[in-house]
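If you use the numbering used here, the sequence shown corresponds to residues 229 to 360, in order.
Just so you know, even glycine gets a beta-carbon here, dropped at the ideal spot from N, CA and C.
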Amino acid sequence: MNNANTVQILFGAEGIKRVYEDSLREGSLDIVCLASDYQSVLGDSFDRDYAPRLRAQVKTREILADIPGNKAGDKVRLLPLGKSSESDMLISKNKVVLISYGKLSPLAVVITDSELVNGFQNQFNALWAGLE
């Protein structure tokens, strides 16, 4: 994917898998994971292939949906949900990825525009601080 100030849309499970694979090259990630049914789009590849490598390779701060099975920790905060949202967001130094696990048209939006990236980083930091 291009590093210029761009917005790209990748459709389907393969597009989503591609952005997750690319995220393993980042030094750190801030993650908002609100999806609880991602397996219906990705199968078991996320839990089997991606998550173990993410934990081993990338420093993360994660905001997860406050649902059974998710636990807060030093680098994990829980967000109470008013509405379900089958979505994730990955924020790195120079990129934001918005992921929709909508069953009819799952997709990933990759944003490298520095103004938008900075805005999402500011929003994550405020949310992170508010969830202490």
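Straight-line Cα distance separating residue j from residue i
i	j	result
E360	F352	13 Å
S209	Q285	Absent from the structure is residue 209, since the part of the chain shown begins at 229 and ends at 360.
L308	Q349	At residue 308 the sequence reads Pro, which differs from the Leu that was named. One C-alpha to the other measures close to 20 Å.
L252	N298	22 Å
G301	R289	10 Å
S333	S264	17 Å
N230	G358	Its pLDDT being 49, under 50, N230 is placed unreliably by the model, and the measurement read from it follows with that caveat. Near 33 Å, if we compare the C-alpha coordinates of G358 and N230.
D316	V269	13 Å
Reduced DSSP secondary structure (H/G/I, E/B, other) of residue i
i	result
K287	strand
G190	Here the chain has residues from 229 to 360 only, and residue 190 is not among them.
I327	strand
G271	coil
I295	coil
G310	coil
N-terminal and C-terminal residue of the beta strand (DSSP E) that residue i is part of
i	result
D316	S315 to I319
L344	Note, L344: premise wrong, no beta strand (DSSP E); alpha helix (DSSP H) at S342 to G358.
L335	L335 to I339
L238	V235 to F239
Distance CB(residue i)-CB(residue j) smaller than 7 Å
i	j	result
L306	L292	yes
V337	I237	yes
F239	L335	yes
S320	L257	yes
V235	I327	no
How about the stretch 236 to 244 and the stretch 277 to 296: do they share at least three Cβ pairs that are nearer than 8 Å?
-> no
Stretch pair the stretch 325 to 344 + the stretch 285 to 304: three plus CB contacts closer than 8 Å = no
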